[in-house]
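Residue numbers for the sequence shown, in my numbering: 432 to 867.
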Amino acid sequence: MTREPEILPATDGSSIVRTKGDVTSPVADVCEAYGSSMHLHAYETVYIRDIPVFTAKHILEVCYQRHRCIVCRREVCQDIPFKLSGHFITRRYARLVGQYLALGMTNKAVHRLLGRNVHLIKQLEKHRLKQRYSAPPKRPSRYIAIDEISIHKHHRYATVVSDLETGHVLFCEAGKKKQQVAHFMKFVVKKWLSQVVAVSMDMNAQYESVFHEAAPHIQIVYDPFHLIKLYGDTVITKIRRRLQHEALEADDKLTYNTLKGGRYILLSNRSTLEKRDEQARKNNRELFESYEQKGLSLPPGRRKQRTRHVQQLNELMEVNRELNTAYVLLEQFTLAYQVHDPDTLRTGLQQWCAIANQSGIQELVLFSETVARRMEGIINHARHPISSGKLEGTNNLAKVIKRNAYGYVDDEYFFLKLMDASRRPYYKPRSPRFLH
Ligand SMILES: [Zn+2]
432 MTREPEILPA TDGSSIVRTK GDVTSPVADV CEAYGSSMHL HAYETVYIRD IPVFTAKHIL
492 EVCYQRHRCI VCRREVCQDI PFKLSGHFIT RRYARLVGQY LALGMTNKAV HRLLGRNVHL
552 IKQLEKHRLK QRYSAPPKRP SRYIAIDEIS IHKHHRYATV VSDLETGHVL FCEAGKKKQQ
612 VAHFMKFVVK KWLSQVVAVS MDMNAQYESV FHEAAPHIQI VYDPFHLIKL YGDTVITKIR
672 RRLQHEALEA DDKLTYNTLK GGRYILLSNR STLEKRDEQA RKNNRELFES YEQKGLSLPP
732 GRRKQRTRHV QQLNELMEVN RELNTAYVLL EQFTLAYQVH DPDTLRTGLQ QWCAIANQSG
792 IQELVLFSET VARRMEGIIN HARHPISSGK LEGTNNLAKV IKRNAYGYVD DEYFFLKLMD
852 ASRRPYYKPR SPRFLH
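Right, here's the structure in full:
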């Protein structure tokens, strides 16, 4: 230090502490290439941001020497040991940024607290995360899930692999094709892969064949949520659309209106609808007793709710036998899935397929064919009752990260953030079903 620290006012009303000093580190006095002597050529000054002094920004005004060779004119500068190379900040400043970020603070919050631009903080954060997550996982995983998550608008997806027991995101890459699985297999070591028992995935995904080829010991389990969603999309919704179309052609307004907008009703469980109706009735009664009866208007944010969900479902069922069949079969399919014995599940599903085939409804026949073709993966669910449900949590996490960062342009950084966030203690995914 060559001068007492000065306190200067900053434009934003805060203050800046400026400390001036010289570097004392040694500098070569003989040229590496020619062995000729080097002479002092110039004094340079550099401003380096240090960690704050209480609430004041702290700037180091560092003076260093530049030496030049008398023969080849090569220049050598005095080393500044506390400066982070490539940035005008001290090493301890970078460490502090890393500590704040590791606590879960957003980049923006760290930027506000420590000053410096968000871009620098992002660079430091990316570097820190890369060091942490570029190595393959060491901790063995028994159950994993692979799925796609939406990362941008316009149907751009990334493949995410998670450990189902810890919820940790193990691998993340843009794209949802076979290559991504191949890259994942390359990323984790063989020994790690040999410890995986089962993987949960979407029946329609392209990932399956890669697992069959590269890791045949891993059992593939189709995710029940995906299957039930598939049933909703390919059977119930299609039947509803077809009937709606037929009603329109036949000029049957009543049927058409009943069918229209019945999607939610049809895709919910009867018991869920009953519960909703019960809650709505309770809410309405409460509102009536405490406000309407006394001649008061309803408070803001409170309103009467619909209590006709079950009735609407019954009406929809009455409209058509086909819809009714599809709905009953969905409930049976869901029930069959809850069995934990593979043989019972197989018998149940075979019976289910026979009934679906007998119905003669084209959408149901098609679905039962899919079930028959993919029987093994469905039955594996009885052996390993896992599901990608946890990945839904990852999806939400991705949304939160995107919201905090006002959209990520840098995919690699986004994936690193996702991996980091999935390991935070405060992110507690739902307890896995297989621990029951
Ligand atoms: Zn030289």
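Here a beta-carbon is modelled for each residue, glycine too, at the ideal position from N, C-alpha and C.
Asked                                                                                                                                          : Found
At a cut-off of 7 Å, is Y588 close to ligand 1 when judged by its beta-carbon and the heavy atoms of the ligand?                               : no
Helix, strand or coil, according to DSSP, for C462 in the structure here?                                                                      : coil
Per DSSP, what kind of secondary structure is L534 in: helix, strand or coil?                                                                  : coil
Check the C-beta distance from K539 over to V528 and give it rounded, since I have them as a contact under 8 Å.                                : The pair is not a contact, with the Cβ atoms about 13 Å apart (cut-off 8 Å).
Measuring CB to CB, does D510 end up less than 8 Å from S819?                                                                                  : no
Could you tell me whether the segment 753-769 touches the segment 663-680, where touching means 3 or more Cβ pairs closer than 8 Å?            : yes
For a test of the three-state rule: what should DSSP assign to K859, helix, strand or coil?                                                    : Low local confidence applies: a pLDDT of 44 at K859 is under 50, so the model's placement there is unreliable, with the coordinate-based value given in what follows. It is coil, neither helix nor strand.
Got a sec? Which residues, its chain only, sit under 6 Å from D708 by beta carbon, not counting five neighbours each side?                     : T738, H740, V741
Rounded to whole angstroms, how far is the Cβ of S853 from the Cβ of L822, which I believe are closer than 8 Å?                                : Incorrect: roughly 10 Å between the Cβ atoms, too far for contact.
Would you list the residues whose beta-carbon is nearer than 6 Å to any heavy atom of ligand 1, in the order they occur in the chain?          : C462, A464, Y465, S467, C500, V502, C503, R505
How about the segment 641-661 and the segment 623-632: do they share at least three Cβ pairs that are nearer than 8 Å?                         : yes
Please classify P457: does DSSP put it in a helix, a strand, or coil?                                                                          : coil
Return the CA-CA distance between D494 and F602, expressed in angstroms with no decimal places.                                                : Before going further, note that residue 494 is Cys rather than Asp in the sequence given. Rounded to the nearest angstrom, the two C-alpha atoms are 46 Å apart.
How big is the Cα-Cα spacing for I438 and S445?                                                                                                : 10 Å
Distance check for K617 and I649, CA to CA, integer angstroms please.                                                                          : 16 Å
Rounded to the nearest angstrom, how far is the Cβ of A589 from that of I582, given a contact under 8 Å?                                       : 5 Å
If I'm right that A787 touches L795 with Cβ under 8 Å, what's the distance once you round it to whole angstroms?                               : 5 Å
What is the DSSP secondary structure of Q742, reduced to helix, strand or coil?                                                                : helix
Could you check what DSSP says for Q562 in three-state terms: helix, strand or coil?                                                           : helix
Using CA atoms only, rank isn't needed, just tell me which of D481, E556, D683, L545 is closest to R523.                                       : D481
List the whole-angstrom C-beta distance separating K553 from Y844, where the pair is believed to meet the contact cut-off of C-beta under 8 Å. : 7 Å
Counting C-beta neighbours from all protein chains within 10 Å, is the total for A566 16 or more, i.e. buried, or is it exposed?               : exposed
Determine whether the beta carbon atoms of L847 and K569 lie at a separation below 8 Å.                                                        : no
Which residue's Cα is closest to the Cα of V619: S728, T765, K488, S572?                                                                       : S572
For P440, list the residues DSSP reports as bridge partners.                                                                                   : S446
Under 8 Å, do S469 and V477 count as touching if we go by C-beta distance?                                                                     : A quick correction: the sequence has Met, not Ser, at residue 469. Going by C-beta atoms, M469 is not nearer than 8 Å to V477.
Would T825 and V600 qualify as a contact pair, given that the criterion is a beta-carbon distance under 8 Å?                                   : yes
Does the distance from the C-beta atom of V612 to that of Y653 stay below 8 Å?                                                                 : no
Check whether the Cβ atoms of I479 and L471 sit closer than 8 Å, and answer yes or no.                                                         : no
Can the beta-carbon of E556 be found less than 8 Å from the beta-carbon of L534?                                                               : no
Counting along the chain, where does the beta strand (DSSP E) carrying D594 start and finish?                                                  : 587-594
Check P483 in the structure and name its three-state DSSP category.                                                                            : strand
Per DSSP, what kind of secondary structure is Q675 in: helix, strand or coil?                                                                  : helix
So the candidates are V770, L624, P655; which of them puts its Cα closest to the Cα of A646?                                                   : L624
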